[in-house]
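One structure below.
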Amino acid sequence: MANVVVVGSQWGDEGKGKIVDWLSERADVVVRYQGGHNAGHTLVIDGVSYKLSLLPSGVVRGKLSVIGNGVVVDPHHFVEEVKKLADQGITISPEVLRIAENAPLILSLHRELDGIRENANSGLKIGTTRRGIGPAYEDKVGRRAIRVMDLAEPDTLMSKIERLLTHHNALRRGMGIDELSADALHDELMQVADKILPYIDRVWYQLDQQRRAGARILFEGAQGALLDNDHGTYPFVTSSNTVAGQAAAGSGLGPTAIDYVLGITKAYTTRVGEGPFPTEDHGEIGNFLGTRGHEFGVVTGRKRRCGWFDAVLVRQTVKTSGITGIALTKLDVLDGLDEIKVCVGYELDGERIDYLPASMGAQERVTPIYETLQGWSETTAGARSWAELPAQAVKYVRYIEELIGAPVAMLSTSPERLDTILVHDPFQD
Ligand code: GDP
Ligand code: IMO
Ligand code: MG
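Numbering (my numbering), first residue to last: -6 to 422.
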């Protein structure tokens, strides 16, 4: 029985939500293992759109859904998202959702700090989602985070809050903003404690039990490999590891449980926020892709930057995430273009290279080397079988496979759940 990890192979927003939703019909458990409510995953089912940020996409099908220890959890947002889904007819209860007891919390002070840093005129603007993700992970590795289960231990919660505030109030004094009182933070947490505590679980144990019982586990990555804190376009990255390896550490199920890594890959490239983007197009093509692809952020509503497919980046992701096969999404957005360019290598200081260099300066300096393919005039939108694809579209898909060194296991041709072509079932690996 195969367990499958879904990861974004570019800068996020590749269509992970749609593919996880589709695959979750075949899965028993869906697990988020990193990130938080910086993610925005869209599912479209019979014309109805669902947008998930913190909750695993499996909740929409009523599959057992798990928020692993690698996720940072904003308890207030959690309550809101559960309510929003309830308004759409999706009932979330502890029967279908478990939250790792050892997941760190995102607090209002993290959100505030994220915003202050982004608004500062000095330093580096990352263009974060301002949801407190980075500051919450800092406290986690700094060993002063408040974790979900701490809410169940009122006797020791206050001392944990005081320790956290020793750090934060020193920071706040330095920034010239009001210090926070332990009582106020305690109250903030007590407001939500009884709403989140019913969901907590020993997730590593629960997943081990599921695995032993033969369940199929689907891991739902957030963001994309180029936003990975180690392997991405640092410092313009998120604060977690987004590569597939994190599925093991962020859930407590060891790496031997992973059988297949599916890289969700957009047929062109987008990025939201600051940072290098070699194939970014500020002209007609960038506009075309953004308009046709409805490239606006789910979480922040920001316009996404757009450009041609960059095979150098995805080839690198295939290696850093150990991708077995890809799901190629949004092929339909390219319908009707006379020609389509693909970045096959970079030029850096007069030399040709076939990888993304690690240094920030070099990442800014690389210029793409393109190959041009003929486009297709027919439509692929809504295609549900390989046979419906025009020959030139098939050529494009085959060319991408060759360049990145991984096969296409799935193809997506519209936002709708069923407009999907299965080439190879990842669960049957
Ligand atoms: P995620 O963060 O990876 O889950 O992706 P987002 O939901 O942020 O962005 C992907 C967008 O593309 C959403 O609006 C999806 O509904 C949409 N989408 C997904 N697959 C396809 C596809 O094959 N074609 C088109 N046209 N849209 C798609
Ligand atoms: P999904 O799961 C695209 C980007 C932000 C910013 C950087 C750091 O929907 O693909 P953060 O708030 O995480 O500290 O911001 O990461 N970012 C995303 N971009 N898709 C996402 O998630 C993202 N989550 C964070 O725009 O550049
Ligand atoms: Mg998204």
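Every residue gets a Cβ at the ideal spot worked out from N, C-alpha and C, and that includes glycine. Nothing here was measured: the structure is a model prediction, and the numbers come from that model.
Alpha-carbon to alpha-carbon, V59 and L306: For the purposes of this step, residue 306 is identified with residue 313 of the sequence shown, where counting begins at 1. For the purposes of this step, residue 59 is identified with residue 66 of the sequence shown, where counting begins at 1. Each residue's alpha carbon lies about 30 Å from the other.
Residue nearest to H30 in terms of C-alpha spacing, selected from E18, Y198, G63, Q184: If you number the sequence shown from 1, residue 30 lands on position 37. Ranking E18, Y198, G63, Q184 by Cα distance to H30 puts G63 first.
Assigned exposure category for E213 - 16 Cβ within 10 Å defines buried: Numbered from 1 along the sequence shown, position 220 holds the residue referred to as residue 213. The residue in question, E213, is buried, as its Cβ has 16 or more Cβ neighbours within 10 Å.
CA-to-CA distance, A96 to P68, given in whole angstroms: By 1-based counting over the sequence shown, the position of residue 68 is 75. By 1-based counting over the sequence shown, the position of residue 96 is 103. Using only the alpha carbons, I get a separation of about 11 Å.
Proximity winner among I319, P248, T249, G268, relative to R297 (alpha-carbon distances): Residue 297 sits at position 304 when you count from the first residue of the sequence shown. Residue G268 is the option with its Cα nearest to R297.
Secondary structure, alpha helix (DSSP H): runs of 4+ residues fully inside the region 200 to 282: 239 to 242
Short Cβ contact (9 Å threshold) for G61 with D14: For the purposes of this step, residue 61 is taken as residue 68 along the sequence shown, with counting starting at 1. For the purposes of this step, residue 14 is taken as residue 21 along the sequence shown, with counting starting at 1. Contact flag unset, no.
Selected residue, minimal CA-CA separation from Y261, among G286, H275, A240, V65: Along the sequence shown, one-based indexing puts residue 261 at 268. The shortest Cα separation from Y261 among G286, H275, A240, V65 belongs to G286.
Bridge partners - Q367, DSSP secondary structure assignment: By one-based count along the sequence shown, residue 367 stands at place 374. E332, per the DSSP bridge assignment.
Cβ-heavy atom distance, G6 to the ligand MG, below 8 Å: The residue labelled residue 6 in the question sits at position 13 within the sequence shown. With the sequence shown as reference, residue 6 is identified as Asp, and Gly is not the correct amino acid for it. Indeed, a heavy atom of the ligand MG lies less than 8 Å from the Cβ.
Separation of A175 from I424, as counted between CA atoms: As displayed, the chain neither begins before -6 nor continues past 422, which places residue 424 out of reach and without an answer.
Residue closest to V401, alpha-carbon to alpha-carbon, out of I210, G238, Y392, R209: Walking along the sequence shown from the start, residue 401 turns up at place 408. Taking only the C-alpha atoms, the option nearest V401 is Y392.
S101 Cβ short of 8 Å to the ligand GDP heavy atom set: Mapped onto the sequence shown, residue 101 falls at position 108. No, the beta carbon of S101 sits no closer than 8 Å to any heavy atom of the ligand GDP.
In DSSP terms, what A320 is bridged to: Numbered from its first residue, the sequence shown carries residue 320 at position 327. Bridge partners of A320: I257, M403.
Contact check, L182 vs L47, beta carbons under 9 Å: Taking the first residue of the sequence shown as position 1, residue 182 is located at position 189. Taking the first residue of the sequence shown as position 1, residue 47 is located at position 54. In this structure, L47 does not lie closer than 9 Å to L182 by Cβ.
Contacts around Y43, its chain only, beta-carbon distance under 6 Å, and the 5 residues preceding and following it disregarded: Here residue 43 is taken as the residue at index 50 of the sequence shown, counted from 1. Closer than 6 Å at Cβ, skipping near neighbours: L36, V53.
Integer Cβ distance of K259 from T322, believed to fall under 8 Å: Indexing the sequence shown from 1 puts residue 259 at position 266. Indexing the sequence shown from 1 puts residue 322 at position 329. The pair is a contact, with the Cβ atoms about 5 Å apart (cut-off 8 Å).
Coarse secondary structure for V59, derived from DSSP in three states: To locate residue 59, count along the sequence shown from 1; it is residue 66. Three-state DSSP puts V59 in a strand.
Integer-rounded CB distance, given that I12 should sit under 8 Å from V24: For this step, residue 24 is matched to residue 31 along the sequence shown. For this step, residue 12 is matched to residue 19 along the sequence shown. Their Cβ separation, rounded to whole angstroms, is 15 Å, which puts V24 and I12 out of contact at 8 Å.
Inter-residue CB distance, A472 and V22 (contact presumed, cutoff 8 Å): Look at the range of the chain in this structure, -6 to 422, and you will see that residue 472 is not part of it.
heavy atom of the ligand GDP below 8 Å from L324 C-beta: Stepping through the sequence shown from its first residue, residue 324 is reached at position 331. Correct: L324 has its Cβ closer than 8 Å to the ligand GDP.
Separation of F289 from T365, as counted between CA atoms: Taking the sequence shown and counting its residues from 1, one reaches residue 365 at position 372. Taking the sequence shown and counting its residues from 1, one reaches residue 289 at position 296. Near 27 Å, if we compare the C-alpha coordinates of F289 and T365.
heavy atom of the ligand MG below 8 Å from V(-1) C-beta: Position 6 of the sequence shown, counted from the first residue, corresponds to residue -1. In this structure, V(-1) has its beta carbon at no less than 8 Å from each heavy atom of the ligand MG.
Sequence-distant residues of its chain with Cβ nearer than 8 Å to E381 (five each side left out): On the sequence shown, position 388 is the one that residue 381 refers to. Excluding sequence neighbours, E381 sits near T373.
Buried versus exposed, by CB contacts within 10 Å (16 or more), M168: Counted from its first residue, the sequence shown places residue 168 at position 175. By the Cβ-count criterion, M168 is exposed, with fewer than 16 other Cβ atoms from all chains shown falling within 10 Å of its own Cβ.
Opening and closing residue of the alpha helix (DSSP H) in which E344 lies: On the sequence shown, residue 344 is found 351 positions in, with the first residue counted as 1. Unbroken run through E344 is the beta strand (DSSP E), 344 to 346; no alpha helix (DSSP H).
Nearest-angstrom Cα separation, counted from G120 out to V236: On the sequence shown, position 243 is the one that residue 236 refers to. On the sequence shown, position 127 is the one that residue 120 refers to. If you take the alpha carbons of V236 and G120, they lie about 21 Å apart.
Bridge-paired residues (DSSP) for A93: Sequence index remark: in the sequence shown, residue 93 carries index 100 (1-based). A93 pairs with D194.
Counterpart residues of I126 in DSSP-defined beta bridges: Taking the sequence shown and counting its residues from 1, one reaches residue 126 at position 133. DSSP lists no partner for I126.
Three-way DSSP call (helix, strand, coil) for K296 in this model: Locating residue 296 in the sequence shown gives position 303, counting from the first residue. The answer is strand: DSSP assigns K296 an E or B state.
Sequence-distant residues of its chain with Cβ nearer than 8 Å to Q385 (five each side left out): Walking along the sequence shown from the start, residue 385 turns up at place 392. For Q385, where only same-chain residues beyond five positions count, the Cβ hits under 8 Å are L366, Q367, G368, W369.
Simplified DSSP state of R136, which is helix, strand or coil: Here residue 136 refers to the residue found at position 143 of the sequence shown. Coil.
Residue closest to V134, alpha-carbon to alpha-carbon, out of K118, N234, G8: Sequence index remark: in the sequence shown, residue 134 carries index 141 (1-based). Among K118, N234, G8, the Cα nearest to that of V134 is on N234.
Whole-angstrom C-beta distance between I154 and I139, which should lie under 8 Å: Against the sequence shown, residue 139 aligns to sequence position 146. Against the sequence shown, residue 154 aligns to sequence position 161. About 7 Å; that satisfies the 8 Å criterion.
Alpha carbon of D143 to alpha carbon of A129, nearest angstrom: Reading the sequence shown from its first residue, position 150 is the one you call residue 143. Reading the sequence shown from its first residue, position 136 is the one you call residue 129. Near 15 Å, if we compare the C-alpha coordinates of A129 and D143.
Enclosing alpha helix (DSSP H) for G108 [first to last residue]: The residue given as residue 108 occupies position 115 in the sequence shown. Looking at the DSSP string, the run of the alpha helix (DSSP H) that includes G108 is 101 to 112.
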